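Each residue of the sequence shown is one higher than the one before, counting from 645 in my numbering.
From the three backbone atoms N, C-alpha and C, an ideal C-beta is built for every residue, glycine too.
Quick caveat, the model's predicted, so the values are computed rather than measured.
In what follows, a structure is listed as structure tokens, so that the remarks can point back to it.
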Amino acid sequence: MVDTDATARRVILGVAGGIAAYKACEVLRRLREAGCDVTVVPTANALKFVGETTWSALSGKAVDSDVWSNITEVPHVRLGQTADLVMVVPATADLLSRAATGRADDLLTNVLLTAHCPVAMFPAMHTEMWQHPATMQNVATLRGRGVVVKDPDSGRLTGADSGPGRLPEPAEIVEVALQLMDGAAETLGTWSERDLVGRHVVVSAGGTHEALDPVRFLGNSSSGLMGVAIAREAAMRGASVTLVAANMQAAVPSGVDLCTVTSTGDLHREMHRLAPEADVVVMAAAPADFTPAEPSGSKIKKDGDGGMTLHLVQTPDVLKSLTEARAQDASRAGQVIVGFAAETAPDRAELVRIGAQKLARKGCDLLVLNDVSAGKVFGHSTTHVTVIDSDGELGEVAGSKSQAAALIVSQAAARLV
Ligand code: CTP
């Protein structure tokens, strides 16, 4: 057994009896890599799919599934009470039903009844079972109680059939788990409320590439992590989300539609195609402001010892053009447009002053100010953002990008009519 770090976040990984239980092994491995202390609580049926030895070896802990083992430690109460997150991967139709009705017939359902922390369920089952009114009602009951129940992905199921019912990829499940623990109470509140059901959110992310020739480009190192966190937050709150991704390495959250672009010109075109139907548009991408005036159709060759001069022209300002297009279209009057600005400023007051000018110049409703004076720009999982509107500061987060995403999406949601 391994030593566990007393400061590590404590996760109870419940596993119900479905074929997707094998994917929970990968979830467990990734949670441990992220520094979590994980206790696996499988149901008796889950052990028919993946045995106790595997869970125990991967978690470094003994594994119990009934309430009759280690009785002196009262695990059926202690595990839930002391956890930072209880998650169930996969949640079967039967587990959802038992949880919704408050049954306590094994260790996992006891843990669910004693948890003081966020609880997240990741259902996986055949489409018919997922869409059955009984399951839908159980999911609604659980969500009504504050449990985060992630819609399953659509795709190939165990047999030859396909449809909604697939477990999301383990990497995505772990991102959601970490985002829930980061955001703790506030995030749980908004995710379980699902205040964006019926809304469409378009988010741009990543950095554009402007071609110099067929093998070279001008670009920037935007990771896309902030836009991805916003897309995930909006999707978990029930929105249908399209992520317009420019050259991004970050994984796309499950349930989010993807539109890939390369250059600022592509981004401009796709954002204008998607924005008319959107309730919220978020420009988190870092578009290049300049592009080569005449990209070469063939690879540029060295010419003796001399250097080279590039002739660049300005790209369209996508954000500004989106707010201008909205102003011309009465049907988009209620649309909320969010811009970003990475600025260096000697102090906070100056940062907000610069931001207010940019917000007015771009015509957006909210501006997310990123203080980059400390040299922290791209690729970090943490950030420091201040959200402003035309009246001034609305909130600040110095923390994870998921916490920042929760603030940004909440502020955008609050403006929707
Ligand atoms: N943006 C855009 N199109 C561009 C450049 C930027 O839509 N060609 C968007 C970004 O996605 C961001 C916002 O505009 O939401 C602010 O980006 P920033 O680079 O700060 O704007 P600039 O207008 O380039 O401001 P500056 O002159 O200060 O660089």
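Beta strand (DSSP E) containing Ser741: first to last residue?
For Ser741, there is no enclosing beta strand (DSSP E); the enclosing alpha helix (DSSP H) covers residues 737-744.
Gln1001: first and last residue of the uninterrupted alpha helix (DSSP H) it sits in
Run containing Gln1001: 992-1006, per the alpha helix (DSSP H) assignment.
Range of the contiguous beta strand (DSSP E) that encloses Ile981:
Run containing Ile981: 980-987, per the beta strand (DSSP E) assignment.
The beta strand (DSSP E) with Thr935 in it runs from where to where?
Counting along the chain, the unbroken beta strand (DSSP E) around Thr935 starts and ends at 934-936.
Contiguous alpha helix (DSSP H) assignments of at least 4 residues, all confined to the stretch 814-843:
814-837, all fully within the stretch 814-843.
Residues bridged to Gly1064 by DSSP?
With the chain running from 645 to 1061 in the structure shown, residue 1064 is simply not present.
Looking at Ala989: is its Cβ nearer than 8 Å to the Cβ of Ser1017?
Pairing Ala989 with Ser1017 gives a Cβ-Cβ distance under 8 Å.
Using the C-alpha atoms, what's the distance from Gly1036 back to Gly807?
As the crow flies, the alpha-carbon of Gly807 is around 46 Å from that of Gly1036.
Assuming Ala1031 and Val1012 form a contact by the criterion Cβ under 8 Å, report the distance between their Cβ atoms to the nearest whole angstrom.
As written in the sequence, residue 1031 is Val, which differs from the Ala given in the question. About 6 Å separates the Cβ atoms of Val1031 and Val1012, confirming a contact at the 8 Å cut-off.
My output table needs one value for Leu811: the three-state DSSP class, helix, strand or coil.
Coil, per DSSP.
Going by DSSP, what residue range makes up the alpha helix (DSSP H) through Ser673?
Per the sequence shown, the amino acid found at residue 673 is Arg instead of Ser. Start and end: 665-677.
Among the residues of its own chain, which have a CB less than 6 Å from the CB of Asp1029, if the five just before and after it don't count?
According to the sequence displayed, residue 1029 carries Val and not Asp. Hits under 6 Å: Val1012, Asn1014, Val1041, Ala1048.
Extent of the continuous alpha helix (DSSP H) to which Asn1014 belongs
Note, Asn1014: premise wrong, no alpha helix (DSSP H); beta strand (DSSP E) at 1010-1015.
Alpha carbon to alpha carbon, how far is Lys946 from Met952?
Their Cα atoms are separated by approximately 9 Å.
Nearest candidate by alpha-carbon position, reference Ser703, set Val820, Ser836, Asp681
Closest by alpha carbon: Asp681.
Please report the straight-line C-alpha distance between Met645 and Ala652, rounded to a whole angstrom.
Note on Met645: pLDDT 44, under 50, position unreliable in the model; no value is reported.
Contact belief for Val1053 with Ala878 at Cβ below 8 Å, rounded distance in angstroms
Confirmed, about 5 Å.
Within 10 Å of its beta-carbon, does Asp949 have 16 or more other beta-carbons around it, so buried, or fewer, so exposed?
That one is exposed.
Is Thr908 close to the ligand CTP? I mean its beta-carbon at under 7 Å from any heavy atom of the ligand.
The answer is yes for Thr908.
Nearer than 7 Å: is that true of the beta carbon of Pro936 relative to any heavy atom of the ligand CTP?
No, the Cβ of Pro936 stays beyond 7 Å of every heavy atom of the ligand CTP.
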